[in-house]
RNA sequence: GCGGAUAUGGCGGAACUGGCAGACGCGAUAGACUUAGGAUCUAUUUCGAAAGAGUGGGGGUUCAAGUCCCUUUAUCCGCACCA
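Numbering (my numbering), first residue to last: 139 to 834.
Structure below.
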């Protein structure tokens, strides 16, 4: 199809000369404290003895064998992307990305400002809750800990132990999406222990409930039934008190009342607005040493360990004497062995490969074990754009001089499904490497476009199993590659895609054939005395209008309208060709301009026509057309005339005219003046060069 | 469930910041040329005989709404171990 790739710059993330540098990046992040280890739960299928993605857990069961899936804690590597949460959020402002994508990232990062408030359990243990609604602190009637919260096990009373343990076991079977569902009935269990509200010393019960996630905020929340819907449902169900502490300013303020209002029942703060009270109450707690102002992000650190075989091994060894030791850069890559057993016994495949696992400690030289996990493949894809400009550099992942000259990427094309993960990870890695001094830019992708997907004729994603695959080759064979290219450009909105159908492909072939016929005529035209009248002006207008539009459309990836503009120009050229008396010079020049505009869309075909017309060099060596704005200036313009916002007529008016002139023309028009009659004009709205609206 | 998007003629799709809805093309209809037409050319083509109506449904803002606001339905994408 005439697509061009620079195969010299090909990169393969799964090959040693690439993943060596993925491991290098891991080590750099580790060196800077941006890679760390902690315990985190995974979905575990006890029967398949493997870790499952959320996607592979269906109704709490393994999608393959149906066994109940449980949560299991593993020590895993994380990247500290949250250190960059604020910059990742702020940086979005200046990016030329689709607004919807930026919005999705903003929501994913999920900044919320509020405070952390410290409650003290009867045992003396302290825990913090994060809230954006400190103004409702006097309305707290219970607190909730995530079932995974370590204090739950510690504080649960003997009487409640059985119930709480059952509840924790149940929670281990649920997934996050269900836990956060607002439609699902709230569940929870009293742990038989209370905590003190620091603002008023009131004792409130502690619950464990799965609608609180241990991974977000502090893993604990305060329950204010009067001003939070979720808490309201929970309090109703468990018979907890509901105390109003916010009064609505106007209108309906039935409980639960979740908007801002005026604070009541809060000694010392009554009468304040919610916004004032939020600040004042936290400030009061700061004084007492029981709270602080705090900004929270929904974004979590990036878990990069995978208990999978296919990935870049994590370049870390564990030594009994020296502990966690990074593999020295000169020993990279840590190679992924190919002779691996895949017995499903719950261990990473690499863990069973003694040759891989056993190594010596780079520090003391004693026996050590490698990390058996591999890196999330997103790690590999989060920096690959840095590799292209210098794809086979054996000394370093990239040459800073070269990439700082060539990068960031001017235009990145990729699927919208990457909005919150790949695109965020790549931004994070860029910023981290910048802070290490390797990069002189802040963002990897200045401008972003999402391509649409061309679906099968049945409207479903193409897949072998559905048998709805459309392969390009038969079309190239039957219609030619440029016909297919043009059809792909013309038949779909680039960013939307849509179901394939070949109804229109013949029309494109027809379009190309018309061009060819016209080219043959242009070639044989006899030179006639030059004239430059109305028709020539129209033709030059059409040419320059097309140049302007095609330029803009190409820039915007609006290929379908660009091709439409080319079709319009061909229609104008054909129309001019029908004239008896032509200016062959202008005509031929216009046709050549048309071919140049066509060349990026139908390169082989345009080159051929270019040659037919007697040109010696390639069309791609000619200069690309530039719009001559002076040819777009019209003497007269057609504007729409409305009376009381209803379309009544279209009239020709001089391009340069004032309101008085327009009034004169309107009243000179028989139909319009009849319509207006003797009713006075209340208002005359003029949209220059477009429309006149007469309000009578 | 949460976050994001989409909905326009018989069809694919246009409409830049609110300003003539339906560009461009397919299909359809009629005609011309032709032994022939699934080639080519010309004309018409949102619906409706007309008044008029019309951008998924309902409401609103505005001189003016496909475009802005509220609400509702359907479909699609993402939800952190599919990558």
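Idealized CB from N, CA, C, for every residue including glycine. This structure is a prediction, so every number in the text was calculated from the model and none was measured.
Within the segment 358-390, ranges of the beta strand (DSSP E) (whole runs, at least 3 residues):
358-361
With respect to the beta strand (DSSP E) encompassing residue 181, which residues constitute its N-terminal and C-terminal limits?
173-183
Looking at residue 556: is its Cβ nearer than 8 Å to the Cβ of residue 520?
no
Does the structure place the segment 649-665 close enough to the segment 673-684 that three or more beta carbon pairs sit under 8 Å?
no
Please give the ranges of any alpha helix (DSSP H) in the segment 192-280, keeping only runs that are unbroken, at least 4 residues long and fully inside the region.
223-228 and 237-247
Taking the beta carbon of residue 360 as the centre, do at least 16 other beta carbons fall within 10 Å, making it buried, or is it exposed?
buried
By the three-class DSSP mapping on this structure, what secondary structure does residue 546 have?
coil
When we look at the beta-carbon of residue 433 and count the other beta-carbons within 10 Å, is it buried (16 or more) or exposed?
exposed
Residues of its chain near residue 211, where Cβ-Cβ distance is below 6 Å and the 5 sequence neighbours each way are ignored
177 and 179
Per DSSP, what kind of secondary structure is residue 851 in: helix, strand or coil?
Shown here, the chain extends from 139 to 834; a query on residue 851 therefore has no answer.
Distance between residue 699 and residue 785 (C-alpha atoms, nearest Å)
27 Å
Identify every residue that forms a DSSP beta bridge with residue 513.
443
Can you tell which of 190, 523 and 267 has the C-alpha that lies nearest to the C-alpha of residue 207?
190
Within its chain, find whatever has a CB closer than 7 Å to the CB of residue 435; leave out the 5 residues flanking it on each side and keep chain order.
220, 223, 247, 248 and 249
First through last residue of the alpha helix (DSSP H) which encompasses residue 560:
560-573
Assess contact between the segment 232-243 and the segment 414-433, defined as three or more Cβ pairs (one per stretch) separated by less than 8 Å. Is contact present?
no
Can the beta-carbon of residue 311 be found less than 8 Å from the beta-carbon of residue 349?
no
Relative to the C-alpha of residue 160, which residue among 645, 523 and 687 is closest?
523
Straight-line gap, residue 764 to residue 146 (C-alpha atoms, nearest Å)
33 Å
Quick check: the Cα distance between residue 638 and residue 552, rounded to an integer number of angstroms?
20 Å
Cβ-based burial, residue 142 [other Cβ within 10 Å; buried from 16]:
exposed
Just confirm the distance between the C-beta atoms of residue 537 and residue 528, as a whole number of angstroms; I'd bet it's less than 8 Å.
5 Å
What distance in whole Å lies between the Cβ atoms of residue 398 and residue 412, which are believed to be in contact at a cut-off of 8 Å?
4 Å
Tell me the rounded alpha-carbon separation between residue 568 and residue 156.
17 Å
Measure the CB-CB distance between residue 351 and residue 303 and report whether it falls below 8 Å.
no
Minimum C-alpha distance to residue 777 - residue among 793, 771 and 769
793
Leaving out the 5 sequence neighbours to the left and right, which residues in its chain are closer than 7 Å to residue 375 when beta-carbon positions are compared?
324
Spatial neighbours of residue 658 within its chain, please: CB distance less than 7 Å, with the 5 preceding and 5 following residues excluded, ordered by chain position.
none
Residues that residue 457 bridges to, as DSSP identifies them
461 and 506
Among 173, 148, 149 and 152, which one has its Cα closest to the Cα of residue 570?
173
In the DSSP output, what is residue 451 paired with across the bridge?
512
If I follow the unbroken alpha helix (DSSP H) through residue 682, where does it start and stop?
672-693
Quick one: what's got a C-beta closer than 6 Å to residue 264's C-beta in the same chain, skipping five residues either side?
256 and 258
For residue 486, which residues in the same chain have their Cβ closer than 6 Å to its Cβ, ignoring the five residues on either side in sequence?
445, 510 and 511
Taking its Cβ as the centre, do 16 or more other Cβ atoms sit within 10 Å of residue 601, making it buried, or is it exposed?
exposed
CA-CA distance, residue 619 and residue 613?
8 Å
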